[in-house]
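Student: Counted the way this note's numbering counts, the sequence shown spans residues 19 to 285.
Virtual Cβ for every residue (Gly too), placed ideally from N, Cα, C.
Just dropping this structure here.
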Amino acid sequence: MKSIGVASCMLVFLPAGIVHAGPLDKAPVNVGGQIYFAQNADRDWSLNLNGSPPCLYRFEVRAGDRWVQETANNSGVERSELRGPTDENDPARFGAETWTAYQFRIEPGAPSSAEWVVLGDWHVRPDPEDSPKISSPWQLELRRGDILVFDIRENNEKPIRHNAPELHLYTSPEPVSRGIWHSIVSVADFDPRVDGSGGVTVWLDGKEIVNYHGPFGYITTRPPYFKFGIYRSDAPETLAVDYANIETSRASLAARIHAPPPVCPSK
């Protein structure tokens with residue numbers, strides 16, 4: 019589902035402390051002290067930030083909102099996302115724990131009719147000899163009717179020629195509640211070897227929903243990087259999602275499983 023690309027963003031200050039970010043320049047977006055960059059349609063609604071430094075990130079996608087670098091190829095996908103660091107500040111490592119924690123709130127609206135909506139993922143970085151289109155090994159998704167899904171991928175071929183199939187590890191028994199904050203915490207070990215240390219555990223709102231041990235991810239030189247926001251297959255309805263307290267770390271974030279930090283400002 020995910021395709022590789024590099025974007026940059028321009029920051030334009032709007033009234034009431036709101037910041038609009040579009041993919042035009044190289045100004046960074048501060049996400050928990052790390053540098054992220056926008057990938058969106060450069061609309062007024064695409065991404066708004068609240069706080070200084072930002073502590074609330076509002077993404078909105080409307081029908082036809084394609085990333086400006088995808089408008090020419092009619093890609094069939096719509097997005098407004100922030101891409102995390104891909105340098106030494108990327109906390110992901112192979113064969114070691116990578117922690118992820120964030121809170122999200124899907125704003126009230128029509129149930130999603132998109133085949134899939136990605137609400138956070140660790141994005142693979144293929145090597146030059148690999149296929150350029152490889153789907154993410156770690157994904158939180160919204161499926162049709164607002165069903166929440168967590169899936170992974172694993173592929174130990176090299177060079178990578180095939181996009182690994184999804185392995186669904188969690189499907190919500192009912193539509194996810196809109197208009198309230200949800201908490202995600204995950205610890206992952208990106209190791210695609212059959213006899214390796216790969217695995218991932220995920221907690222949703224303090225409840226363990228995934229506990230997987232086995233091959234996980236792809237064989238690449240560089241570890242994956244984190245993205246969050248809205249990335250979906252084409253759909254007619256508008257979708258808005260708020261995020262707060264985004265952290266990726268090599269150090270444990272287990273304290274957030276049952277005690278997520280307050281959203282700032284309180285919204």
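Are the CB atoms of N107 and W153 within a distance shorter than 9 Å?
Tutor: Here residue 153 corresponds to residue number 135 of the sequence shown, with the count starting at 1. Here residue 107 corresponds to residue number 89 of the sequence shown, with the count starting at 1. Note that residue 153 is Ser in the sequence shown here, rather than Trp. No. Outside cutoff.
Student: With W140 as the anchor, note down where its beta strand (DSSP E) starts and where it stops.
Tutor: In the sequence shown, counting from the first residue as 1, residue 140 sits at position 122. It spans 134-141 - the beta strand (DSSP E) in which W140 sits, taken as one unbroken run.
Student: What's the call for H141, buried or exposed, on a 16-neighbour Cβ count within 10 Å?
Tutor: The residue you call residue 141 lines up with position 123 of the sequence shown. It is buried - the Cβ of H141 has at least 16 other Cβ atoms within 10 Å.
Student: Assign N229 to one of two classes, buried (16 or more other C-beta atoms within 10 Å of its C-beta) or exposed (fewer than that).
Tutor: Stepping through the sequence shown from its first residue, residue 229 is reached at position 211. The residue is exposed, with fewer than 16 neighbouring Cβ atoms inside 10 Å.
Student: Would N173 and P210 qualify as a contact pair, given that the criterion is a beta-carbon distance under 9 Å?
Tutor: Residue mapping note: residue 173 aligns to position 155 of the sequence shown, counting from 1. Residue mapping note: residue 210 aligns to position 192 of the sequence shown, counting from 1. Going by C-beta atoms, N173 is nearer than 9 Å to P210.
Student: Could you check what DSSP says for A253 in three-state terms: helix, strand or coil?
Tutor: Here residue 253 refers to the residue found at position 235 of the sequence shown. Three-state result, A253: coil.
Student: If you draw a straight line from the alpha carbon of T238 to that of G232, how long is it in whole angstroms?
Tutor: Stepping through the sequence shown from its first residue, residue 238 is reached at position 220. Stepping through the sequence shown from its first residue, residue 232 is reached at position 214. Cα-Cα distance, rounded: 17 Å.
Student: Report all residues from its chain with a CB closer than 7 Å to the CB of E226; omit the five preceding and five following residues, and keep chain order.
Tutor: In the sequence shown, counting from the first residue as 1, residue 226 sits at position 208. Only T219 meet the Cβ criterion.
Student: Just tell me which of D139, S98, R240 has its CA closest to the CA of V205.
Tutor: For the purposes of this step, residue 205 is identified with residue 187 of the sequence shown, where counting begins at 1. Distance check between V205 and each of D139, S98, R240 places D139 closest, using alpha-carbon atoms only.
Student: Look at the alpha carbon of L74 and the alpha carbon of D62, and state the distance between them as a whole number of angstroms.
Tutor: Within the sequence shown, residue 74 is the residue found at index 56, counting from 1. Within the sequence shown, residue 62 is the residue found at index 44, counting from 1. Their Cα atoms are separated by approximately 16 Å.
Student: Rank G102, F244, E99, V212 by C-alpha distance to the C-alpha of W156 and give the top, closest one.
Tutor: In the sequence shown, the residue the question calls residue 156 occupies position 138. Of the candidates G102, F244, E99, V212, the one whose C-alpha sits nearest the C-alpha of W156 is F244.
Student: Ignoring anything shorter than 3 residues, give me the beta strand (DSSP E) runs that lie fully in the stretch 236-281, in order along the chain.
Tutor: 243-251, 257-267
Student: Over what stretch of residues does the beta strand (DSSP E) that includes V220 continue unbroken?
Tutor: Reading the sequence shown from its first residue, position 202 is the one you call residue 220. Its beta strand (DSSP E) spans residues 217-222.
Student: Return the first residue and the last residue of the beta strand (DSSP E) that R101 is part of.
Tutor: Counting from 1 along the sequence shown, the entry for residue 101 is found at position 83. Per DSSP, R101 belongs to the beta strand (DSSP E) from 95-101.
Student: Rounded to the nearest angstrom, what separates R80 and L257 at their Cα positions?
Tutor: For the purposes of this step, residue 80 is taken as residue 62 along the sequence shown, with counting starting at 1. For the purposes of this step, residue 257 is taken as residue 239 along the sequence shown, with counting starting at 1. Answer to the nearest angstrom: the Cα atoms are 7 Å apart.
Student: Give the straight-line distance between the Cα atoms of I178 and P144, rounded to the nearest whole angstrom.
Tutor: As a working mapping, residue 178 is identified with position 160 in the sequence shown. As a working mapping, residue 144 is identified with position 126 in the sequence shown. Rounded to whole angstroms, I178 to P144 spans 8 Å at the Cα level.
Student: Helix or strand or just coil, what does DSSP make of I202?
Tutor: Counted from its first residue, the sequence shown places residue 202 at position 184. Strand at I202.
Student: Using only the alpha-carbon positions, how far apart do P46 and P103 sit?
Tutor: Mapped onto the sequence shown, residue 46 falls at position 28. Mapped onto the sequence shown, residue 103 falls at position 85. One C-alpha to the other measures close to 11 Å.
Student: Could you have a look at E184 and say whether DSSP puts it in helix, strand or coil?
Tutor: As a position in the sequence shown, residue 184 is number 166, starting the count at 1. Looking at E184 - three-state DSSP - the assignment turns out to be coil, as it is neither helix nor strand.
Student: Looking only at its own chain, which residues have a Cβ that is under 7 Å from the Cβ of P109, when we skip the five neighbours before and after it?
Tutor: In the sequence shown, residue 109 corresponds to position 91, counting from 1. Around P109: T116, T266, S267, R268.
Student: With D148 as the anchor, note down where its beta strand (DSSP E) starts and where it stops.
Tutor: For the purposes of this step, residue 148 is identified with residue 130 of the sequence shown, where counting begins at 1. Segment: none, D148 is in no beta strand (DSSP E) and carries neither H nor E.
Student: Could you please give the first and the last residue of the uninterrupted beta strand (DSSP E) stretch that includes I227?
Tutor: In the sequence shown, counting from the first residue as 1, residue 227 sits at position 209. Element bounds for I227: 225-231.
Student: How is M28 classed by DSSP in three states: helix, strand or coil?
Tutor: Your numbering for residue 28 matches position 10 in the sequence shown. Unreliable positioning characterises M28 in this predicted model, as indicated by a pLDDT of 36, which lies under 50. The coordinate reading is nonetheless provided below. Reduced to three states, the DSSP call for M28 is strand.
Student: What residues in its chain sit with their C-beta under 8 Å from that of V49, if we drop five residues either side in the sequence?
Tutor: Position 31 of the sequence shown holds residue 49. Here the set comprises P72, Y75, L100, G102, I264.
Student: State the Cα-Cα distance for the pair P279 and L158, rounded to the nearest angstrom.
Tutor: What you label residue 279 is simply residue 261 of the sequence shown in a count that begins at 1. What you label residue 158 is simply residue 140 of the sequence shown in a count that begins at 1. Near 20 Å, if we compare the C-alpha coordinates of L158 and P279.
Student: Could you pull the DSSP bridge partners for E78 from this structure?
Tutor: For the purposes of this step, residue 78 is identified with residue 60 of the sequence shown, where counting begins at 1. Among the bridge pairs identified by DSSP, E78 is matched with A258.
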